[in-house]
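Report on the structure given below.
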Amino acid sequence: MEEFQCCNMSVPKISKIAGGILTAWGVVAYLLTMTSITAMIPAFMGAPILLMGFLAEKNPEKRKLFMHISVTFGLLAALGGLRILTMLNDPYDLAFASHAVLLLVGGVYTFICVKSFIHVRKQQDAE
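Read in our numbering, the sequence shown has 137 at position 99, and its numbers run on one by one without any break.
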């Protein structure tokens with residue numbers, strides 16, 4: 039079965055990149071503000087995606103499970119990022135940027151995962 043690739047990368051590798059971006063953003067946002075644990079929300083979404091990416095590479099027999107768990111966190115990140123729509127009249131600050139990162143990274147990651155799931159399903163149906 040041909041593996042789905044996006045930008046010459048496997049979905050577990052993309053998971054590690056997306057999870058790493060969200061995790062790093064959350065940690066940096068918290069360290070810059072030190073006012074609220076909510077600044078870590080991107081990290082709370084990114085860490086499981088990052089972990090599932092590693093687990094999917096190490097345990098190919100459970101890859102489907104790990105990728106479905108991972109895309110759930112990606113979708114939650116994107117949905118959480120939608121709060122940016124209520125912030126458009128506020129001054130752009132770190133919270134606005136964090137929601138933009140959640141929406142962008144979570145949305146693109148979820149899209150890629152769904153495309154990979156469709157790819158796998160089509161291959162299974164063709165066999």
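Even glycine gets a Cβ: it sits at the ideal position worked out from N, Cα and C.
Under a three-way DSSP split, which group does residue i fall into?
i: Met105; result: helix
i: Met125; result: coil
When burial is assigned at 16 or more other CB atoms within 10 Å of the CB, is residue i buried or exposed?
i: His137; result: buried
i: Lys54; result: buried
i: Leu103; result: exposed
i: Ile156; result: exposed
i: Cys45; result: exposed
i: Glu120; result: Sequence check: residue 120 is Leu here, not Glu. Exposed is the call here.
i: Val49; result: buried
i: Val139; result: buried
i: Leu123; result: exposed
i: Val152; result: exposed
Just the C-alpha distance for residue i and residue j, rounded to the nearest angstrom, thanks.
i: Glu40; j: Phe134; result: 40 Å
i: Val65; j: Phe111; result: 17 Å
i: Ser74; j: Tyr68; result: 7 Å
i: Gly58; j: Gln161; result: 30 Å
i: Ala115; j: Glu165; result: 35 Å
i: Gly118; j: Leu141; result: 7 Å
i: Leu90; j: Leu70; result: For the record, residue 90 in the displayed sequence is Met; it is not Leu. The alpha-carbon atoms of Met90 and Leu70 are separated by roughly 27 Å.
i: Thr148; j: Val109; result: 6 Å
i: Met47; j: Leu60; result: 18 Å
i: Gly84; j: Leu113; result: 11 Å
i: Lys51; j: Thr76; result: 27 Å
i: Arg159; j: Gly144; result: 22 Å
i: Ile15; j: Ile150; result: Only positions 39 to 165 of the chain appear in this structure, which leaves residue 15 out of reach.
Within the chosen definition, does the region 97–116 reach the region 124–132 through at least 3 CB pairs nearer than 8 Å? no
In chain order, which alpha helix (DSSP H) runs of at least 4 residues are fully inside the region 46–118? 49–71, 79–96
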